[in-house]
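First residue of the sequence shown: 123, per this note's numbering; consecutive thereafter.
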Amino acid sequence: MTTTLNQLTGDYVLDAARTRIGFVARHRMATRVHGRFDVFEGAVHLDGDDPARSSAQLTIRADSIETGDRRRDAQLRKDFLDAPTYPIITFASTKVSQVGGTTFDVTGDLTIRGVTHSVTVPFELVGTADGVAFAARLTIDRARWQVNWNALTTALVSPTVVLDLQVVATA
123 MTTTLNQLTG DYVLDAARTR IGFVARHRMA TRVHGRFDVF EGAVHLDGDD
173 PARSSAQLTI RADSIETGDR RRDAQLRKDF LDAPTYPIIT FASTKVSQVG
223 GTTFDVTGDL TIRGVTHSVT VPFELVGTAD GVAFAARLTI DRARWQVNWN
273 ALTTALVSPT VVLDLQVVAT A
């Protein structure tokens with residue numbers, strides 16, 4: 123039997139142990155850098171009868187970025203994200219639209235380095251065992267949020283970053 127969204131109505135919190143907030147950035151020399159943020163919290167309110175009344179919020183510690191290279195991570199924290207000045211990255215939904223049986227567009231305000239822009243994240247309901255699981259991929263232009271170090275990195279690092287979200291939330 124398939125679970126429908128209206129069976130999931132309620133308030134949920136992100137399960138940090140099972141949620142992955144990752145990204146992929148491309149170096150102009152054809153390499154890809156995969157990374158993730160390790161410290162975050164968030165909440166989801168689901169309204170299965172009226173998905174437009176659903177909402178989500180996420181707070182990420184900017185200094186929790188990890189790519190597997192300590193030197194690169196230190197540079198990302200300091201020079202790209204300026205984590206000492208802007209310690210958190212946030213997302214707060216402003217609109218939720220159901221676009222298919224298990225797919226949703228979640229529009230909201232993404233704030234990085236103190237700069238806020240609206241983004242629409244295409245989420246898919248991918249599971250309901252022991253909570254609710256959603257997956258999403260979104261490509262952003264990091265320059266819109268002033269995530270850059272200098273002119274050389276503008277030339278060497280692609281302006282686009284793919285965000286890869288695997289979210290598990292529990293009641």
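Note that CB positions come from ideal geometry on N, CA and C, so glycine has one too.
- For the pair residue 172 and residue 293, the Cα-to-Cα distance works out to about 19 Å.
- Looking at the DSSP output, residue 134 sits in a beta bridge with 166.
- By the neighbour-count criterion, in which 16 or more other beta carbons inside 10 Å mark a residue as buried, residue 205 falls on the buried side.
- Under the 8 Å Cβ criterion, the segment 254 to 265 counts as touching the segment 231 to 245, having at least three qualifying pairs.
- Pairwise C-beta distances place the segment 158 to 173 in contact with the segment 134 to 143, as three or more of them are shorter than 8 Å.
- Here residue 179 is bridged, per DSSP, to 165, 214.
- Beta-bridge partners of residue 232 (DSSP): 213, 239.
- The beta carbon of residue 237 sits closer than 8 Å to those of 266, 267, 268, all from its chain and outside the five residues before and after it, given in chain order.
- By the CB criterion at 8 Å, residue 181 and residue 157 fall outside the cutoff.
- Secondary structure note for residue 196: its alpha helix (DSSP H) is the uninterrupted segment 192 to 197.
- As the crow flies, the alpha-carbon of residue 281 is around 27 Å from that of residue 218.
- Contact check for residue 283 against residue 145 passes: the beta carbons are separated by less than 8 Å.
- Per DSSP, the continuous beta strand (DSSP E) segment holding residue 279 begins and ends at 279 to 292.
- Burial is judged here by how many other beta carbons sit within 10 angstroms of a residue's own beta carbon; residue 228 has at least 16 and is buried.
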